[in-house]
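Chemist: Chains as they are written, first to last, in numbering that gives the first Met the number 0: chain A, 0 to 470; chain B, 0 to 251.
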Amino acid sequence: MKLSKNKLPLELSLHKHYEDNVKGVYNNCHPKVKDARKASMMLLKNIGLPLANNEKWRNTNLGEFYKNSYLIGDEKSVFDKQINEIFSCVVHGFNTNVFALLNGWYYSSEEEQIQTLADGIIVGSINAAQKKYPELISKYFNELVTDDQHGLNAANGAIFTDGIFIYVPDNVESDKAIQLIKMVNRDSSTMINSRNLIILGKNSKLSFLHCDDSINQHHGFLVTNTEIFLDENAKLDLYKLQNLNDNTTIVNSTFANQKQNSELKVNVLTFNGGTIRNEFDIELAGKGAHADVSGIYLMDNKQHVDNQLLIKHLAPNCTSNQMFKGVLDDKASGVFKGSVYVAKDAQQTVAFQKNANILMTSEASIDTMPFLEIYADDVKCSHGATVGQLDSEAMFYLMQRGISKSDARLLLMYAFTSEVTSKIGIEALQTNIDDMIKKRLRGDLSICDKCVLHCSTPDTPIIFDIDMSKI
Amino acid sequence: MLLNIKDLHVSINGKEILKGLNLSVNDGEVHAIMGPNGTGKSTLAAAITGRDGYEITSGEIIYKGKNIVDLSPDVRANEGIFLSFQYPVEIPGVTITNFMRTALNAKREHQGLPAIKAGDFLRKMEDKKKLVDIQSKLTNRSVNEGFSGGEKKKNEIFQMAMLEPTLAILDETDSGLDIDALKVVANGVNTLRSDENAFIVITHYQRLLDYIVPDFVHVMYDGRIVKSGGKGLAFELEEKGYDWIKEQLKNR
Chain A
0 MKLSKNKLPL ELSLHKHYED NVKGVYNNCH PKVKDARKAS MMLLKNIGLP
50 LANNEKWRNT NLGEFYKNSY LIGDEKSVFD KQINEIFSCV VHGFNTNVFA
100 LLNGWYYSSE EEQIQTLADG IIVGSINAAQ KKYPELISKY FNELVTDDQH
150 GLNAANGAIF TDGIFIYVPD NVESDKAIQL IKMVNRDSST MINSRNLIIL
200 GKNSKLSFLH CDDSINQHHG FLVTNTEIFL DENAKLDLYK LQNLNDNTTI
250 VNSTFANQKQ NSELKVNVLT FNGGTIRNEF DIELAGKGAH ADVSGIYLMD
300 NKQHVDNQLL IKHLAPNCTS NQMFKGVLDD KASGVFKGSV YVAKDAQQTV
350 AFQKNANILM TSEASIDTMP FLEIYADDVK CSHGATVGQL DSEAMFYLMQ
400 RGISKSDARL LLMYAFTSEV TSKIGIEALQ TNIDDMIKKR LRGDLSICDK
450 CVLHCSTPDT PIIFDIDMSK I
Chain B
0 MLLNIKDLHV SINGKEILKG LNLSVNDGEV HAIMGPNGTG KSTLAAAITG
50 RDGYEITSGE IIYKGKNIVD LSPDVRANEG IFLSFQYPVE IPGVTITNFM
100 RTALNAKREH QGLPAIKAGD FLRKMEDKKK LVDIQSKLTN RSVNEGFSGG
150 EKKKNEIFQM AMLEPTLAIL DETDSGLDID ALKVVANGVN TLRSDENAFI
200 VITHYQRLLD YIVPDFVHVM YDGRIVKSGG KGLAFELEEK GYDWIKEQLK
250 NR
């Protein structure tokens, strides 16, 4: 192969990083993790990093980023500040347990690297979990990130630094959401590989808010693999909030397995970022399982967003919804690929899919691809994709009432996103996300007074800050 | 004179729809415009309100002493021109409350007034809702989304009451209304009538004019007003249809 002679700089760094650690820290991992690292590195050497000549990456070309040199997973930072001293996220009436990753490492005191919360939920570092709960790691780790992975999944598997581990025991319903903040504090381009494992026992319930927030203007390359297991009747609400600087590249891969009557609700809210790719690979493996994956993307400048969904109906009577809506302005570009696979035995499947886009300029673009693969005969599947401009009838209606053209556009863009935000189950979070969307669409936080979008808390700024001076 | 339309020619995609229309409306007057389908009644409404795609090829629309043909729809609206739509548009995600607050404040800004206080606004909403018998829940719903035909038309009159226009054009407000809803809508309009505003009521049927009694009735045919009269003309049309007018035109 030609490529192997002419490896990309990032690929070489990844190989080297593995070699540097294989006899050290990696050797001390849980045997299953150790094996997975080795196998992943072999796979990476074999398939390489995904480039645009790979059909699945045709519209999202990361080639340029592979040429950069990155600081990859270096020393763990000293824990000398509580998270609440560094980070503030004011969401009124939304009470969360906040946990953080700093430069890829789980950020806590040594004693709290893994802890059991009052309601019995175990939260901590995935590295610590390997030592303290080896049987859970044996049972779940890397069980989903197996088939059809790409080179960045493999790289993550080989050299991931750390990540969050959450275990909700059977019958535990948490009323306090868990919030994970990712912080990167480096003076140079950094690549962070994180690995998360979330396990919900039978009849359990959890809300998990995963925030990727921008830190500084350095280039960051953040790759995250998340595995999610939902046992019978388990319910997980997962929110991904992406508000990053234009120099950030994100590849998020989420793999989920759902047992009988479990429910997974995902909301992906992409407000900002350089190049973002979100992948979901969800197996509805038990009868009556339900997955609801929705998202909003609001992109401008030259930002790029790519959402790749695959929902596999493997058992009868499962239902799934995919609903992604986006507004693309300036020269922003987007990709949506929504796939539904219905296995032969998955009778009475109901699968719904919708992707709607508004292009604000002639230079903005979206590639939207529905993909259905159905082997059962008793199924209801629908899909729809739209690409358009703002509705001119509605524009005239608003303007006839005295609303200016620019305000009418703003109102309609906001209205367009509301179909997705109305799915957010936690009221306080919904209000907050709603406000963030309004502020994002306006593109200016300081003009609240005159704005046509009436935020519920106009006097309260959306605070979502990390005080870098304190790290 | 509030509105003076002089020899108005309007084309859509190069096809002439209005072919030299003249109409004058004074403060305090109600003008009914009747006529068969496809004669340009809705085009007249679109031309006065400034809708895109309606090209004014010649003539003038003088409103409050100024030719408004070059003003954008929002400026015309803020100058006091209101259209009750024949087919009100559904806008999911925008609540009526937010919509009206935005519209009202746009008008106030145009008039050099500060934004309305939240309390005053809510009181005004409550007040005007009663006028057209709107249930309180309606205002928290998205604009026209899932409304019945009657609710949509009531909502148009509610918006009119909120914005207090000087010139209101009701485009087939009676279509799709049962008699009870028609009475409610007509009652709303009659309450808003004053010496300082005027109404242009576009309708097919004399029925609405039993409740909103016009000062003048005009018949439109083939892009022009071909006959004008008092309210008696509406009865004559109801009884005899439009054919006799077409005959008169031919014989001329």
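The C-beta atom is built at its ideal place from N, Cα and C for all residues, glycine as well.
Being a predicted model, the structure only gives us computed values, none of them experimental.
Looking at the structure shown, is R206 of chain B part of a helix, part of a strand, or coil, going by DSSP?
Modeler: Taking the second sequence and counting its residues from 1, the one referred to as residue 206 of chain B is at position 207. R206 of chain B: helix per DSSP, three-state reduction.
Chemist: Please list the residues of the stretch 98 to 112 of chain A that have a C-beta atom closer than 7 angstroms to any C-beta atom in chain B, keeping them in chain order.
Modeler: Of all residues in the stretch 98 to 112 of chain A, none has a Cβ within less than 7 angstroms of some Cβ in chain B.
Chemist: Do D245 of chain A and N202 of chain A have their C-beta atoms within less than 8 angstroms of each other?
Modeler: For the purposes of this step, residue 245 of chain A is taken as the residue at position 246 of the first sequence. For the purposes of this step, residue 202 of chain A is taken as the residue at position 203 of the first sequence. No, these two residues do not count as a Cβ contact at 8 angstroms.
Chemist: Measuring alpha carbon to alpha carbon, tell me which of A:H312, A:F78, A:Y238 ends up nearest N277 of chain A.
Modeler: Position 278 of the first sequence holds residue 277 of chain A. If we check each option's Cα against that of N277 of chain A, A:Y238 comes out closest.
Chemist: Excluding the 5 residues preceding and the 5 following D443 of chain A in the sequence, name in chain order all residues of the same chain whose CB lies nearer than 8 angstroms to its CB.
Modeler: Within the first sequence, the letter at position 444 stands for residue 443 of chain A. Because D443 of chain A carries a pLDDT of 46, less than 50, the predicted location of this residue cannot be relied on, and no value is offered for it.
Chemist: Does the structure place the stretch 362 to 379 of chain A close enough to the stretch 331 to 341 of chain A that three or more beta carbon pairs sit under 8 angstroms?
Modeler: Segments in contact, yes.
Chemist: Straight-line CA distance for M124 of chain B to G272 of chain A?
Modeler: Numbered from its first residue, the second sequence carries residue 124 of chain B at position 125. Numbered from its first residue, the first sequence carries residue 272 of chain A at position 273. If you take the alpha carbons of M124 of chain B and G272 of chain A, they lie about 41 angstroms apart.
Chemist: For G162 of chain A, I'd like the list of residues in its chain whose CB is within less than 6 angstroms of its CB, leaving aside the five on either flank, ordered along the chain.
Modeler: Numbered from its first residue, the first sequence carries residue 162 of chain A at position 163. Within the same chain, G162 of chain A has close Cβ partners I125, S193, R194, N195.
Chemist: If contact is defined by three or more beta carbon pairs under 8 angstroms, each pair taking one atom from either stretch, is the stretch 304 to 317 of chain A in contact with the stretch 343 to 353 of chain A?
Modeler: They touch, by the three-pair rule.
Chemist: Where Y340 of chain A and I201 of chain B are concerned, what is the direct C-alpha to C-alpha distance, given to the nearest angstrom?
Modeler: Residue 340 of chain A sits at position 341 when you count from the first residue of the first sequence. Residue 201 of chain B sits at position 202 when you count from the first residue of the second sequence. Going by the C-alpha atoms only, they are around 54 angstroms apart.
Chemist: Spatial neighbours of P72 of chain B within its chain, please: C-beta separation below 7 angstroms, excluding the five flanking residues on both sides.
Modeler: On the second sequence, position 73 is the one that residue 72 of chain B refers to. Result list for P72 of chain B: T48, G49, R50, in chain order.
Chemist: Could you tell me which of B:V88, B:A102, B:N25 sits nearest to S391 of chain A, measuring between CA atoms?
Modeler: Walking along the first sequence from the start, residue 391 of chain A turns up at place 392. Cα-wise, what sits closest to S391 of chain A is B:V88.
Chemist: Determine whether the Cβ of D51 of chain B lies closer than 8 angstroms to any Cβ atom of chain A.
Modeler: Counting from 1 along the second sequence, the entry for residue 51 of chain B is found at position 52. With 8 angstroms as the cut-off, D51 of chain B counts as an interface residue toward chain A.
Chemist: Determine the extent of the alpha helix (DSSP H) in which T430 of chain A is found, giving its start and end residues.
Modeler: If you number the first sequence from 1, residue 430 of chain A lands on position 431. T430 of chain A -> alpha helix (DSSP H) spans 426 to 441.
Chemist: To the nearest angstrom, how far is it from the Cα of L82 of chain B to the Cα of T223 of chain A?
Modeler: The sequence position of residue 82 of chain B within the second sequence is 83, counting from 1. The sequence position of residue 223 of chain A within the first sequence is 224, counting from 1. One C-alpha to the other measures close to 54 angstroms.
Chemist: Against chain B, does I402 of chain A count as a neighbour if the rule is that its beta carbon must be under 8 angstroms from one of theirs?
Modeler: Here residue 402 of chain A refers to the residue found at position 403 when the first sequence is read from its first residue. Yes - at least one Cβ of chain B is within 8 angstroms of the one on I402 of chain A.
Chemist: Can you confirm whether D170 of chain B, when its beta carbon is compared against all beta carbons of chain A, has any partner nearer than 8 angstroms?
Modeler: In the second sequence, the residue the question calls residue 170 of chain B occupies position 171. No - not a single Cβ of chain A is within 8 angstroms of the one on D170 of chain B.
Chemist: Going along chain A in order, which residues have a C-beta closer than 8 angstroms to the C-beta of P72 of chain B?
Modeler: The count along the second sequence starts at 1 and reaches residue 72 of chain B at position 73. What P72 of chain B touches in chain A: F395, M398, Q399.
Chemist: So, does the CB of P91 of chain B fall closer than 8 angstroms to a CB anywhere in chain A?
Modeler: Sequence index remark: in the second sequence, residue 91 of chain B carries index 92 (1-based). Closer than 8 angstroms: yes.
Chemist: Let me see if you follow: with CB-CB separation under 8 angstroms, is L17 of chain B close to chain A or not?
Modeler: Mapped onto the second sequence, residue 17 of chain B falls at position 18. It does not: the Cβ of L17 of chain B has no partner Cβ on chain A nearer than 8 angstroms.
Chemist: Candidates A:S76, A:V97, A:S68, A:I71: which alpha carbon is nearest I82 of chain A's?
Modeler: Here residue 82 of chain A refers to the residue found at position 83 of the first sequence. Ranking the options by Cα distance to I82 of chain A, first place goes to A:V97.
Chemist: Could one say the Cβ of Y65 of chain A lies closer than 8 angstroms to chain B's Cβ atoms, at least one of them?
Modeler: Here residue 65 of chain A is taken as the residue at index 66 of the first sequence, counted from 1. It does not; no Cβ of chain B falls within 8 angstroms.
Chemist: So, is the C-beta of F351 of chain A closer than 8 angstroms to a C-beta in chain B?
Modeler: By 1-based counting over the first sequence, the position of residue 351 of chain A is 352. It does not: the Cβ of F351 of chain A has no partner Cβ on chain B nearer than 8 angstroms.
Chemist: Could you pull the DSSP bridge partners for C380 of chain A from this structure?
Modeler: What you label residue 380 of chain A is simply residue 381 of the first sequence in a count that begins at 1. C380 of chain A is bridged to A:A350.
Chemist: Give the straight-line distance between the Cα atoms of L236 of chain B and K18 of chain B, rounded to the nearest whole angstrom.
Modeler: Residue 236 of chain B sits at position 237 when you count from the first residue of the second sequence. Residue 18 of chain B sits at position 19 when you count from the first residue of the second sequence. Approximately 23 angstroms, taken between the alpha carbons.
Chemist: Start and end of the beta strand (DSSP E) containing Y220 of chain B?
Modeler: Counting from one through the second sequence, the residue named residue 220 of chain B turns up at place 221. Taken as a continuous stretch (DSSP letters only), the beta strand (DSSP E) holding Y220 of chain B covers 215 to 220.
Chemist: Rounding to the nearest angstrom, what Cα-Cα distance links R206 of chain B and T360 of chain A in this structure?
Modeler: Working through the second sequence from its first residue, we reach residue 206 of chain B at position 207. Working through the first sequence from its first residue, we reach residue 360 of chain A at position 361. So the alpha carbons of these two residues sit roughly 48 angstroms apart.
Chemist: Taking buried to mean at least 16 other C-beta atoms within 10 Å of its own C-beta, is K343 of chain A buried or exposed?
Modeler: Taking the first residue of the first sequence as position 1, residue 343 of chain A is located at position 344. Exposed is the call here.
Chemist: In chain A, which residues lie less than 8 angstroms from N77 of chain B when you measure between Cβ atoms?
Modeler: Along the second sequence, read from residue 1 onward, the residue named residue 77 of chain B stands at position 78. The contacting residues are G401.
Chemist: Less than 8 angstroms between the beta carbons of A31 of chain B and A197 of chain B, yes or no?
Modeler: Counted from its first residue, the second sequence places residue 31 of chain B at position 32. Counted from its first residue, the second sequence places residue 197 of chain B at position 198. No, Cβ-Cβ distance for A31 of chain B and A197 of chain B is not below 8 angstroms.
Chemist: Quick check on F270 of chain A: buried or exposed, where buried means 16 or more other Cβ atoms within 10 Å of its Cβ?
Modeler: Numbered from 1 along the first sequence, position 271 holds the residue referred to as residue 270 of chain A. So F270 of chain A ends up on the buried side.
Chemist: When the Cβ atoms of the stretch 164 to 181 of chain A are set against those of the stretch 125 to 139 of chain A, are three or more pairs found closer than 8 angstroms?
Modeler: Touching, yes, given that three or more Cβ pairs across the two stretches are closer than 8 angstroms.
Chemist: Taking just the CA atoms, how far does S261 of chain A sit from D288 of chain A?
Modeler: As a first step, residue 288 of chain A is located in the first sequence; it is residue number 289 there, counting from the start. As a first step, residue 261 of chain A is located in the first sequence; it is residue number 262 there, counting from the start. The sequence shown places Ala at residue 288 of chain A, not Asp. Whole-angstrom Cα-Cα distance: 5 angstroms.
Chemist: Give the DSSP-derived three-state secondary structure of D448 of chain A in the structure shown.
Modeler: Translated into positions along the first sequence, residue 448 of chain A becomes position 449. At D448 of chain A, the pLDDT of 39 sits below 50, so the modelled position is not reliable and the matter cannot be decided from this model.
Chemist: Verify whether the separation of the beta carbon atoms of D211 of chain A and K181 of chain A is less than 8 angstroms.
Modeler: Residue numbering aside, residue 211 of chain A sits at position 212 when the first sequence is read from its first letter. Residue numbering aside, residue 181 of chain A sits at position 182 when the first sequence is read from its first letter. Contact flag set, yes.
Chemist: Short of 8 angstroms Cβ to Cβ, which residues in the stretch 36 to 47 of chain B face chain A?
Modeler: Result list empty, no residue passes.
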